[in-house]
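Just so you know, the protein sequences line up as chains A and B, in that order.
One point on numbering: in the working numbering, the residue at position 63 of the first sequence is 63, and numbering is uninterrupted.
To get the working numbering, take the position in the second sequence, counting from 1, and add 170.
Note that beta-carbon positions come from the ideal geometry of N, C-alpha and C, so glycine has one too.
Here's the structure we're looking at; comments come further down.
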Amino acid sequence: MAPSHISFDQSKGQTSALQLANNIKLAYALLSSGNLKLEENKDVSVPQLVIGATGYRLFDANAILRYTLNDFESEESDEYNFALSSLESLASHKDPNQEHVAESVRKSLDNYLSSVTAPLCATKIITFANTYALSPTVVEEKINSLPETLQKALDLAKTKIVRSSTDYKH
Amino acid sequence: MSSDLLNKFAALSISAPSLTQEQKGLQAQWDSVSKTGNIQASFEELNLHLRDHSFVLGTSQPTVSDISLFEHVLPVAKELTNSSKDVKGNYAKYRHVLRWSQYLNDLLQLNDLTFNLDLDLPREII
C-alpha cells in the first residue's frame with residue numbers, strides 16, 4: 001500500500017500562533033494515526049494530509065485531525081464555533097487586540113478547558129491547541145498536566161515552528 | 171445555523187446525502203474555512219477543488235456546506251466579476267469557483283451576481 005503523508009505548517013506568511021495551533025493538531029494526528037500509517041513529509045511546508053492509496057488530500061489542520069481520528073462529533077457545538085470563529089481567527093491575526101486575546105483565552109479556560117483528560121475528542125484538542133497558541137504561559141499556569149499524547153504532540157509541535165516576517169513589528 | 175441563504179436552501183428540500191469518511195473530512199475542512207472566515211487564503215484551494223468536483227463535498231447535489239461557504243465567497247466573486255481590471259484574467263483564473271457560484275446564485279434565485287458568458291477564455295492548462 002502506498003504510504004500516506006502528513007506535513008507540518010512551516011509557511012512563512014503565517015503568524016507563529018496559527019502555526020503552533022496547526023502544528024499541535026497535526027502532531028496529534030501523526031501520533032494517533034493508527035491504521036493510516038502516516039509518515040511525515042518534510043518536503044512540504046504547509047499543512048497537508050495525502051492518503052497514498054487514493055490521492056485524497058486535505059489542507060486544513062482541523063479537518064486533518066478530525067479525519068485521522070475519525071471524529072466528526074460536535075462540529076456544530078458552541079465550543080467548536082468559539083474555537084474557530086474566535087480563537088483561531090485571533091491566532092491568524094497579525095496584530096490582535098491583546099485585551100480581546102486575554103478575554104478569549106480566559107473564556108476558553110473557564111468554559112471549555114476546566115478538564116483536559118484522556119480520552120480527548122477532536123473538538124477538545126482543537127480548543128486546547130488554539131487556546132495554547134494564543135497564550136502558552138497562561139494555559140501552562142492553569143493546566144498542570146496533560147494527557148500523554150497531547151503532551152507529546154505539544155513537544156513535537158514546538159520543534160516545527162519557524163519564525164516568519166509576521167513576527168516582527170515594523 | 172441560520173441565514174437567508176441557508177433558509178432559501180432549506181426551502182428547496184434537497185435531501186442531505188449520507189457521507190463517507192472522506193466526505194466528512196471535506197465537510198470539516200470547508201466548514202473550518204467558513205467559520206474562521208479564512209476564505210481569501212483558501213480561494214485558490216477552493217478553485218482547484220471545484221475543478222474536479224461539482225460541489226465541495228464531492229456530492230452530486232449541493233449541501234449545506236456549499237451554501238455556508240458560498241456566503242463567504244459571494245462578496246469575493248462579486249468583486250472579481252465586477253472588477254474593472256483584468257476581468258478576463260479573473261474569469262480564467264477562478265473559472266471553477268465562478269461556475270459553482272453561478273450555479274448556486276441561480277439555484278437560490280439571487281440577483282447578486284451577473285456573469286459575462288460571452289468571454290472567450292484561454293484553455294486551462296492542468
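1) Cβ of residue 295 (chain B) within 7 angstroms of Cβ of residue 231 (chain B)?
2) Can you name the residues that DSSP bridges to residue 48 (chain A)?
3) Between which two residues does the beta strand (DSSP E) carrying residue 38 (chain A) extend?
4) Would you verify that the beta carbon of residue 58 (chain A) is, or is not, closer than 7 angstroms to some beta carbon of chain B?
5) Can you list, in chain order, the residues of its chain whose CB lies under 6 angstroms from that of residue 216 (chain B), leaving out five sequence neighbours each side?
6) Quick check: is the beta carbon of residue 199 (chain B) nearer than 7 angstroms to any beta carbon in chain A?
7) Does residue 10 (chain A) get closer than 7 angstroms to chain B when you measure Cβ to Cβ?
8) If you draw a straight line from the alpha carbon of residue 150 (chain A) to that of residue 85 (chain A), how long is it in whole angstroms?
9) Buried or exposed for residue 259 (chain B), please, with buried defined as at least 16 other CB atoms from any protein chain shown within 10 angstroms of its CB.
10) Residue 243 (chain B) lies in the alpha helix (DSSP H); which residues open and close that run?
11) Along the region 17 to 28 of chain A, what residues have a CB closer than 8 angstroms to any CB found in chain B?
12) Sort B:243, B:278, B:237 and B:233 by Cα distance to residue 187 (chain B) and report the nearest one.
13) Are the C-beta of residue 178 (chain B) and some C-beta of chain A separated by less than 7 angstroms?
14) Of all the CB atoms in chain C, is at least one closer than 7 angstroms to the CB of residue 79 (chain A)?
15) Could you tell me the distance, in whole angstroms, from the CA atom of residue 265 (chain B) to the CA atom of residue 123 (chain A)?
16) Taking the alpha helix (DSSP H) that residue 209 (chain B) falls in, what are its first and last residues?
17) What does a CB cutoff of less than 6 angstroms around residue 156 (chain A) pick up in its chain, not counting 5 residues either side in sequence?
The relevant details are as follows:
1) Residue 295 (chain B) sits at position 125 when you count from the first residue of the second sequence. Residue 231 (chain B) sits at position 61 when you count from the first residue of the second sequence. Not a contact, by the Cβ cut-off of 7 angstroms.
2) Reading the first sequence from its first residue, position 48 is the one you call residue 48 (chain A). Looking at the DSSP assignment, residue 48 (chain A) forms a beta bridge with A:7.
3) On the first sequence, residue 38 (chain A) is found 38 positions in, with the first residue counted as 1. Unbroken beta strand (DSSP E) run through residue 38 (chain A): 38 to 40.
4) As a working note, residue 58 (chain A) is residue 58 in the first sequence. Yes, contact with chain B.
5) Against the second sequence, residue 216 (chain B) aligns to sequence position 46. Closer than 6 angstroms at Cβ, skipping near neighbours: 267.
6) The residue labelled residue 199 (chain B) in the question sits at position 29 within the second sequence. Output row for residue 199 (chain B): interface = yes.
7) Here the question's residue 10 (chain A) lines up with position 10 in the first sequence. Chain B, which has no Cβ nearer than 7 angstroms to the Cβ of residue 10 (chain A), makes this no.
8) Position 150 of the first sequence, counting from 1, holds the residue named residue 150 (chain A). Position 85 of the first sequence, counting from 1, holds the residue named residue 85 (chain A). C-alpha separation (whole angstroms): 23 angstroms.
9) As a first step, residue 259 (chain B) is located in the second sequence; it is residue number 89 there, counting from the start. Residue 259 (chain B) comes out exposed.
10) For this step, residue 243 (chain B) is matched to residue 73 along the second sequence. Taken as a continuous stretch (DSSP letters only), the alpha helix (DSSP H) holding residue 243 (chain B) covers 234 to 252.
11) Answer in chain order: no residues at all.
12) Translated into the one-based positions of the second sequence, residue 187 (chain B) becomes position 17. Of the listed residues, the one whose Cα sits closest to residue 187 (chain B) is B:233.
13) Here residue 178 (chain B) refers to the residue found at position 8 of the second sequence. So no, residue 178 (chain B) is outside the interface.
14) The chain inventory of the structure shown lacks chain C, comprising the protein chains A and B.
15) In the second sequence, counting from the first residue as 1, residue 265 (chain B) sits at position 95. In the first sequence, counting from the first residue as 1, residue 123 (chain A) sits at position 123. Residue 265 (chain B) and residue 123 (chain A): Cα-Cα distance of roughly 35 angstroms.
16) Mapped onto the second sequence, residue 209 (chain B) falls at position 39. That run of the alpha helix (DSSP H) goes 209 to 222.
17) The sequence position of residue 156 (chain A) within the first sequence is 156, counting from 1. Correct list, in chain order: 27.
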